[in-house]
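Q: Going by our numbering, the sequence shown opens with residue 397, and the numbers climb by one from there. Heads up, the beta-carbon is just placed ideally off N, CA and C, and yes, glycines get one too. Keep in mind the model is a prediction, meaning the values are calculated, not measured.
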Amino acid sequence: MTNTLDMTDIESHEAVGTYIVSPGTDNKNLASAADEKASVEHVAVLKKTADGSTILIPQPCDDPEDTLNWSNRKKWRVLAVVAYCAAMPDSQAGFGIPLVVPQSVYWDISIQDSGRSMSGNVFMIGVGSLLSVPLVQRYGRLPVLWWSMFLSFWMSLAATLVPDHISFIVVRCLQTTFSAAPQVIGLSFIYDMFFFHQHARAIGIWAWAFVESPFVGPFISGIIAQYYSWRHSFGACTAFTGVAALLVLLFGEETLYDRHDNAQVPPTPRSAKVRRFYMLTGVRGAKVRGRLSLVTSTRRILVVASKPYFLPLLISYGLSFMWSVGINTSLNLILFMPIDDGGYSFSQLNVALLYIAPIAATALGELFGHYFNDWVADKYIRKHDGKFDPEVRLWAAGIGQPFMIGGLTFLGFCLERHLSWVAIAFAWGIYVFGSLMTTVAITAYALDIFKEEAAEAAALINFFRTIGGFIVNYFQVQWAAAAGSDASFGTQAAICALAWILIGLVQWQGRNWRKN
397 MTNTLDMTDI
407 ESHEAVGTYI
417 VSPGTDNKNL
427 ASAADEKASV
437 EHVAVLKKTA
447 DGSTILIPQP
457 CDDPEDTLNW
467 SNRKKWRVLA
477 VVAYCAAMPD
487 SQAGFGIPLV
497 VPQSVYWDIS
507 IQDSGRSMSG
517 NVFMIGVGSL
527 LSVPLVQRYG
537 RLPVLWWSMF
547 LSFWMSLAAT
557 LVPDHISFIV
567 VRCLQTTFSA
577 APQVIGLSFI
587 YDMFFFHQHA
597 RAIGIWAWAF
607 VESPFVGPFI
617 SGIIAQYYSW
627 RHSFGACTAF
637 TGVAALLVLL
647 FGEETLYDRH
657 DNAQVPPTPR
667 SAKVRRFYML
677 TGVRGAKVRG
687 RLSLVTSTRR
697 ILVVASKPYF
707 LPLLISYGLS
717 FMWSVGINTS
727 LNLILFMPID
737 DGGYSFSQLN
747 VALLYIAPIA
757 ATALGELFGH
767 YFNDWVADKY
777 IRKHDGKFDP
787 EVRLWAAGIG
797 QPFMIGGLTF
807 LGFCLERHLS
817 WVAIAFAWGI
827 YVFGSLMTTV
837 AITAYALDIF
847 KEEAAEAAAL
857 INFFRTIGGF
867 IVNYFQVQWA
877 AAAGSDASFG
887 TQAAICALAW
897 ILIGLVQWQG
907 RNWRKN
């Protein structure tokens, strides 16, 4: 293996997460963090983009096996597979939302009991995220991705065929426990394959996949449930999960390239089939010596969570995103209710079609963020003579939060005054647009700082996102019924405003905290 320059050679001594990615400061460079210690001669030996304007971070090795040296076509193909897999957990959870009422009739149980599978299903996404981290760091990205989709496929099939409700709850929890991994290791895939100046766009695509997935599941499931039984809906869920496993089998690649001298990589088998089998199953990863142990990687989750420049963002994200899960589950019940009871008397098909609004909103959020994040970083770098601080990423979150606050407030107003479904769709879309902006911003910030700990950071972000949603399911509908939709959603908007303050706090003090 050819050694490369250490990351400290291109990272500022001022604070963690500050880089040199430009050989000069002529205000024409794309991105950089000036390192006063670096001499002109030192910068000259660093590898740059083809036009010479941007220093590559991380610095790739000369080894063609280095994943940073892969062609762009191969990188984006692998990311597309990972993004599709990342959409599985929330779409699987979402598939069950329109089926709560039909299943309560089928099993002759209350709607409340029928909905219990939803809470456990969502909660286990967060648990599965944390459980996958040590495996990713020890055995590699590909085997965890493969086993995740393979096992989740069988749990999806079991959910389609189970004879009773208790068994259904069990397999539904296992379904998302196994499928949660891509929402964690996606960030590691991005760090392995893409350079610093490409991170925001790659994260945007990956994050869009799992932010829009909670709405795709109910959209498809609701349409099927209008004409067929709930088992047919879960049959479709099983098919989508099977496609994910097949994509990993055919196009998945191992991206964990051991750059460190202490990593002892075993010889590669001559047979392509044997090599592929070793990669997929984790046999090769198990034979590598010098990687983090399972215990060490588990401890790193706590270390990452304790950082003062990251913990406030985790809390902020949890407080902001939790309402998305609550809206997703409770809005269905309100729309299904008869008009005389304060509902809208929607059919399964009507509710399913309403999900087009948040799906479109996430697409618009990705399109906007695709260019906005790079523009903000470029503007900051030009203004600060080549210096980049990760806190600049959070401007996108600061813009996203007002959309979330406004969307929640307007949604509560619409439901309380029984406004048209068009107004509900618009309010919902506003909130979802902001949630995608916030997700990409916080995730990009995390990757700028936690390079080797990308999986740990992503797992924590996912855990805080899902644990809040799990809790909301237990009181969202009752809260709105007791206090009124405008009061309950208004309070949620106020909590999002508090979360906005936490983001501003990290923007203000983050650099000082990183120094220390």
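Mark Ser510 as exposed unless 16 or more other C-beta atoms lie within 10 angstroms of its C-beta, in which case mark it buried.
A: Numbered from 1 along the sequence shown, position 114 holds the residue referred to as residue 510. By the neighbour-count rule (16 or more Cβ atoms within 10 Å), Ser510 is buried.
Q: Quick check on Lys433: does DSSP put it in helix, strand or coil?
A: Stepping through the sequence shown from its first residue, residue 433 is reached at position 37. At Lys433, the pLDDT of 44 sits below 50, so the modelled position is not reliable and the matter cannot be decided from this model.
Q: Have a look at Gly803 and Phe885 and give me their C-alpha separation to the nearest angstrom.
A: As a position in the sequence shown, residue 803 is number 407, starting the count at 1. As a position in the sequence shown, residue 885 is number 489, starting the count at 1. If you take the alpha carbons of Gly803 and Phe885, they lie about 9 Å apart.
Q: Using a threshold of 7 Å, state whether the C-beta atoms of Ser487 and Gly613 are closer than that.
A: Sequence index remark: in the sequence shown, residue 487 carries index 91 (1-based). Sequence index remark: in the sequence shown, residue 613 carries index 217 (1-based). Their beta carbons are under 7 Å apart, which means Ser487 touches Gly613 by this criterion.
Q: Output yes or no for whether 7 Å exceeds the beta carbon distance between Lys470 and Gln455.
A: Walking along the sequence shown from the start, residue 470 turns up at place 74. Walking along the sequence shown from the start, residue 455 turns up at place 59. The answer is no: Cβ separation not under 7 Å.
Q: Find out if the Cβ-Cβ distance for the pair Thr573, Met520 is shorter than 7 Å.
A: Stepping through the sequence shown from its first residue, residue 573 is reached at position 177. Stepping through the sequence shown from its first residue, residue 520 is reached at position 124. Yes; because the gap between Cβ atoms is below 7 Å, this pair is in contact.
Q: For Tyr653, which residues from the same chain have a beta carbon less than 6 Å from its beta carbon, with the 5 sequence-adjacent residues on both sides left out?
A: To locate residue 653, count along the sequence shown from 1; it is residue 257. So the list reads Asp462 and Thr463, once near-sequence residues are dropped.
Q: Please report the straight-line C-alpha distance between Lys783 and Tyr841, rounded to a whole angstrom.
A: Residue numbering aside, residue 783 sits at position 387 when the sequence shown is read from its first letter. Residue numbering aside, residue 841 sits at position 445 when the sequence shown is read from its first letter. Distance between the alpha carbons of Lys783 and Tyr841 is about 15 Å.
Q: Give the range of the alpha helix (DSSP H) segment to which Leu815 is assigned.
A: Start at 1 with the first residue of the sequence shown, and residue 815 comes out as number 419. Neither: Leu815 is in no alpha helix (DSSP H) and is coded neither H nor E.
Q: Report yes or no: is there a C-beta of chain D within less than 7 Å of the C-beta of Gly900?
A: Any reference to chain D falls outside this structure, which holds one protein chain only.
Q: So which of Asn858, Lys779, Phe591 and Val700 has the shortest CA-CA distance to Ser575?
A: Numbered from 1 along the sequence shown, position 179 holds the residue referred to as residue 575. The shortest C-alpha separation from Ser575 is found at Asn858.
Q: Which of the three DSSP states, helix, strand or coil, is assigned to Lys444?
A: Your numbering for residue 444 matches position 48 in the sequence shown. Residue state, collapsed to three classes: strand.
Q: Have a look at Ser741 and Tyr623 and give me their C-alpha separation to the nearest angstrom.
A: Taking the first residue of the sequence shown as 1, we reach residue 741 at position 345. Taking the first residue of the sequence shown as 1, we reach residue 623 at position 227. The alpha-carbon atoms of Ser741 and Tyr623 are separated by roughly 17 Å.
Q: Going by the DSSP bridge assignment, what does Ile863 pair with across the sheet?
A: What you label residue 863 is simply residue 467 of the sequence shown in a count that begins at 1. Partner(s): none; Ile863 has no beta bridge.
Q: Can you give me the C-alpha to C-alpha distance between Thr651 and Gly490, rounded to a whole angstrom?
A: In the sequence shown, counting from the first residue as 1, residue 651 sits at position 255. In the sequence shown, counting from the first residue as 1, residue 490 sits at position 94. Cα to Cα, Thr651 sits roughly 30 Å from Gly490.
Q: Which same chain residues end up closer than 7 Å to Trp817 when comparing Cβ atoms and leaving out the 5 residues on each side of it in sequence?
A: As a first step, residue 817 is located in the sequence shown; it is residue number 421 there, counting from the start. Only Tyr740 and Leu750 meet the Cβ criterion.
Q: Go ahead and label Gln375 buried or exposed: buried means 16 or more other beta carbons lie within 10 angstroms of its beta carbon, across all protein chains shown.
A: The question about residue 375 has no answer here: the residues shown for the chain are numbered 397 through 912.
Q: In three-state DSSP terms, what is Arg685?
A: Stepping through the sequence shown from its first residue, residue 685 is reached at position 289. It is a strand residue.
Q: For Ile752, count the other beta carbons within 10 Å of its own beta carbon; 16 or more makes it buried, fewer makes it exposed. Which is it?
A: In the sequence shown, counting from the first residue as 1, residue 752 sits at position 356. Exposed is the call here.
Q: If you draw a straight line from the alpha carbon of Ile711 to that of Ile616, how long is it in whole angstroms?
A: Position 315 of the sequence shown, counted from the start, is the residue given in the question as residue 711. Position 220 of the sequence shown, counted from the start, is the residue given in the question as residue 616. Approximately 32 Å, taken between the alpha carbons.
Q: So which of Leu790, Arg687, Gly618 and Leu763 has the shortest CA-CA distance to Trp602?
A: Residue mapping note: residue 602 aligns to position 206 of the sequence shown, counting from 1. Checking every option, the nearest Cα to that of Trp602 belongs to Leu763.
Q: Roughly how many angstroms separate the alpha carbons of Thr558 and His593, rounded to a whole number?
A: Here the question's residue 558 lines up with position 162 in the sequence shown. Here the question's residue 593 lines up with position 197 in the sequence shown. This sequence places Val at residue 558; Thr is not what is there. Going from the Cα of Val558 to the Cα of His593 covers about 48 Å.
Q: Can you have a look at Lys703 and say buried or exposed, based on whether 16 or more other CB atoms are within 10 angstroms of its CB?
A: Residue 703 sits at position 307 when you count from the first residue of the sequence shown. The residue in question, Lys703, is buried, as its Cβ has 16 or more Cβ neighbours within 10 Å.
Q: Given a threshold of 16 other Cβ atoms within 10 Å of its Cβ, counted over all protein chains shown, does Asn869 qualify as buried or as exposed?
A: By one-based count along the sequence shown, residue 869 stands at place 473. Answer is buried; the Cβ neighbour count reaches 16.
Q: State the CB to CB distance for the pair Ala851 and Val478, rounded to an integer number of angstroms; the pair is presumed to be in contact (CB under 8 Å).
A: If you number the sequence shown from 1, residue 851 lands on position 455. If you number the sequence shown from 1, residue 478 lands on position 82. At roughly 13 Å, the Cβ-Cβ gap does not stay under 8 Å, so Ala851 and Val478 are not in contact.
Q: Quick one: what's Ile451 bridged to in DSSP?
A: As a position in the sequence shown, residue 451 is number 55, starting the count at 1. Note: Ile451 sits in a beta bridge opposite Lys444.
Q: Enumerate in chain order the residues of its own chain whose CB-to-CB distance from Leu583 is below 8 Å, with the five nearest sequence positions on each side excluded.
A: Stepping through the sequence shown from its first residue, residue 583 is reached at position 187. Correct list, in chain order: Ile599, Trp602, Thr839, Ala842, Leu843, Ala850, Ala851, Ala853 and Ala854.
Q: Using 8 Å as the cut-off, can you tell me whether the segment 535 to 550 makes contact with the segment 672 to 682, which would need three or more C-beta pairs spanning the two stretches below that distance?
A: In short, these stretches touch, since the Cβ pair count reaches three.
Q: Alpha carbon to alpha carbon, how far is Ser881 from Cys892? Give it in angstroms, no decimals.
A: Within the sequence shown, residue 892 is the residue found at index 496, counting from 1. Within the sequence shown, residue 881 is the residue found at index 485, counting from 1. In a straight line, the C-alpha of Cys892 is about 16 Å away from that of Ser881.
Q: Which stretch, first to last residue, makes up the alpha helix (DSSP H) that contains Pro342?
A: This structure leaves residue 342 out entirely; the chain is present only between 397 and 912.
Q: How should Ser917 be labelled, buried or exposed, when 16 other C-beta atoms within 10 angstroms of its C-beta is the threshold for buried?
A: The structure shown does not extend to residue 917, since the chain is modelled only from 397 through 912, so no value can be given for it.
Q: Count Cβ pairs between the segment 789 to 805 and the segment 822 to 836 that sit closer than 8 Å; are there 3 or more?
A: Yes, the segment 789 to 805 touches the segment 822 to 836.
Q: Anyone know if the C-beta pair for Gly865 and Val518 falls short of 7 Å?
A: One-based indexing of the sequence shown puts residue 865 at position 469. One-based indexing of the sequence shown puts residue 518 at position 122. For Gly865 and Val518, yes; Cβs fall inside 7 Å.
Q: If you draw a straight line from the C-alpha of Asn468 to the C-alpha of Met589, how long is it?
A: Along the sequence shown, read from residue 1 onward, the residue named residue 468 stands at position 72. Along the sequence shown, read from residue 1 onward, the residue named residue 589 stands at position 193. Using only the alpha carbons, I get a separation of about 9 Å.
Q: Here's a check: name, in chain order, each residue in its chain whose Cβ is nearer than 6 Å to the Cβ of Ile820, leaving out the five neighbours to either side.
A: Here the question's residue 820 lines up with position 424 in the sequence shown. Cys810.
Q: Measuring alpha carbon to alpha carbon, tell me which residue in Gln571, Pro754, Ile562 and Tyr705 is nearest Lys911.
A: Taking the first residue of the sequence shown as 1, we reach residue 911 at position 515. The residue with the shortest Cα to Cα distance from Lys911 is Tyr705.
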